[in-house]
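Numbering (my numbering), first residue to last: 17 to 84.
Yeah, the Cβ is synthetic: ideal placement off N, Cα and C, and Gly gets one too.
Computed from a prediction, not measured in an experiment: that's the story for all the values here.
Here it is, written out as structure tokens:
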């Protein structure tokens with residue numbers, strides 16, 4: 017499913033090796049809402065790599081392998 021361009025902030029779940037996007041779980045036009053969604057996604061999916069992106073730019077990344 018294509019996400020409209022008016023929602024540039026996306027919360028994405030990536031494969032463990034970081035090679036492919038597995039799922040886009042949220043999209044927002046507001047950075048503040050996207051940060052809240054990112055924080056919630058990190059709590060809900062502690063074993064997965066979660067990223068907050070603005071189109072191609074990574075704003076925040078939670079990599080569970082780096083947390084060990």
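C-alpha distance - residue i paired with residue j, whole-angstrom precision
i	j	result
residue 30	residue 22	22 Å
residue 61	residue 48	20 Å
residue 63	residue 32	9 Å
Beta-carbon spacing of residue i, residue j below 8 Å
i	j	result
residue 19	residue 57	no
residue 71	residue 50	no
Identity of the residues DSSP links to residue i by a beta bridge
i	result
residue 69	26 and 74
residue 44	25
Beta-carbon contacts of residue i that lie in its chain and below 6 Å, excluding the five residues immediately before and after
i	result
residue 65	30 and 79
residue 59	none
Spatial neighbours of residue i in its chain, beta-carbon cut-off 7 Å, leaving aside the 5 residues before and after
i	result
residue 34	65
residue 38	29, 30 and 31
Cβ of residue i within 8 Å of any chain B Cβ
i	result
residue 51	Of the protein chains in the structure, only one exists, and it is not chain B.
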